[in-house]
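Here the structure is laid out as structure tokens; the discussion comes afterwards.
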Amino acid sequence: MKHLMTFTAMAALMTASAVAQDYPSRTITLIVPFAAGGSSDLIARAVAEKAEQYLGQSMVVVNRPGGSTNVGLSELVEADPDGYTLGTVSPAMTQQFATGASSYNYVQELTAVGQISNVPYVLAVDANTPFNTLDEMVAFARDNPHALKYGTAGAVSATYSSFARFGVENDILIDPVHFDGGARAMAAMLGGHVQASWQAPSDFRANVEAGSIRPLAVAGESRMEGLYADVPTFNELGYEVIDQLWTGLAAPAGLPPDVVSRLEGALEQIVNDPETQQKISELGLRAEFLGGDEFAQKWMAQEARFLETLELLEAAEQASN
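Going by mature numbering (1 follows the signal peptide of the UniProt record, and there is no 0), the letters in the sequence shown line up with residues -20 to -1, 1 to 301, in that order.
Shown next as structure tokens:
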């Protein structure tokens, strides 16, 4: 019996090794849990364009918006761990289990492949509003509770929890309106349905250039370059806010280590490719690779921050009742 178990284990290892050596042998599906047009979608497409060059097979982007990323992420968790179904992940994934939005704890049930980009969030307002500075918006919101609305990328998203935390910490009441992705939140702001939004700089880029959106503050440690170079950081303005949007690749748990290594190595090459760097930069984002282990640590840190935010929001709600 012992010899049979040893043989079975060896056979399994040999099979996994053979799979890794042949990987990939067909097209890879890349799930984006947001609608087309947002930052996650655009980043995914920039990566997919280089997949054949560095992996030897094409990569097809499939948008699965809905449920504050749960539609796409649950599909990713349930996929076979063979390396042929990957997905983009962002801070939103760290919030689903804690809020009860999903029975899956994505931080525990996905394999980190690597980070693609990292960039601070931006707070912007409709150019038709009278606010030219963050202080002006905050002063108005304090004097007029619930008069303003802001668009989010989902009820369980970092664009919601971060803005909500900012509101609690600065004694302002601005009501959230939730959408499936930053692109739809942007459309709502352009349509006059919401006055503000907290999104990736890429989501605002075209409309900032057109003058229809006015950025008020950047949630980074330092100012950005290019289009947002003149936009102050929250810290410059006296508000302690550091909030980064990272995007990367994940796979179902149980992916063979050799396949993870193959994907991680290819992703590093793709992210560091000058054409990818340029394309992501043109989106108003910053290409910044992290390996799988370091990226997984970032997931856990983000989850801890969200749990802290959740406690803060719950305490504020209880105090107001």
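In this text, a Cβ means the ideal position worked out from N, Cα and C, and glycines have one as well.
Taking 8 Å as the upper bound for CB-CB distance, Val40 and Leu66 are not in contact here, some 11 Å apart.
Between Ser182 and Ser19, the C-beta spacing is below 7 Å. Going by C-alpha positions, Ser38 is about 39 Å away from Val174.
Straight through space, the alpha carbons of Thr79 and Val157 are spaced by roughly 18 Å. Scanning its chain for C-beta atoms nearer than 7 Å, with the 5 sequence neighbours on each side dropped, one finds around Val105 the residues Phe111, Met117, Gln175, Ala176, Arg194, Leu196, in chain order. Here Trp178 is near Tyr101, since their CB atoms are less than 7 Å apart. In this structure Ala186 is exposed. Its beta-carbon is surrounded by fewer than 16 other beta-carbon atoms within 10 angstroms. For Val12, the enclosing beta strand (DSSP E) begins and ends at 8 to 12. Between Val93 and Gly272, the C-beta spacing is below 7 Å.
Between the stretch 42 to 59 and the stretch 277 to 288 there are fewer than three inter-stretch CB-CB distances shorter than 8 Å, so the stretches are not counted as touching. Around the beta carbon of Pro237, a 10 Å sphere encloses fewer than 16 other beta carbons of the protein chains shown; the residue is thus reported as exposed.
Looking at Ile96, Ala81, Gln76, the one whose alpha-carbon comes closest to that of Val87 is Gln76. Taking the Cβ atoms as the reference, Leu114 lies roughly 5 Å from Leu217, within the contact range of under 8 Å.
The stretch 248 to 266 makes contact with the stretch 20 to 32: 3 or more CB pairs, one atom from each, lie closer than 8 Å.
Residues Ala107 of the same chain have their beta carbon placed closer than 7 Å to that of Gly191, with the five preceding and five following residues left out of the count. At a Cβ-Cβ threshold of 7 Å, Ile260 and Ser97 count as neighbours. In this chain, the alpha helix (DSSP H) harbouring Thr256 covers 254 to 262.
Comparing C-alpha distances from Ile8 to each of Phe14, Glu32, Phe184 shows the shortest one belongs to Glu32. Counting every other CB atom within 10 Å of its CB across the protein chains shown gives Glu189 a total below 16, marking it as exposed. Each of Phe214, Ala209, Leu90, Gly131 was checked against the Cα of Asn150, and the nearest Cα belongs to Phe214. Ser48 is positioned such that its CB atom lies closer than 7 Å to that of Ser137.
Bounds of the alpha helix (DSSP H) holding Asn187 are 181 to 190.
Cβ neighbours of Gly36 within its own chain (closer than 8 Å, five residues either side excluded): Pro4.
Distances from the CA of Gln277 to each of Gly228, Leu263, Gln298 were compared; the closest alpha carbon is that of Gly228.
For Glu274, the uninterrupted alpha helix (DSSP H) segment begins and ends at 272 to 300. By the neighbour-count definition (other C-beta atoms within 10 Å, threshold 16), Gln1 is an exposed residue. Between the C-alpha atoms of Ser241 and Leu225 there is a straight-line separation of about 24 Å.
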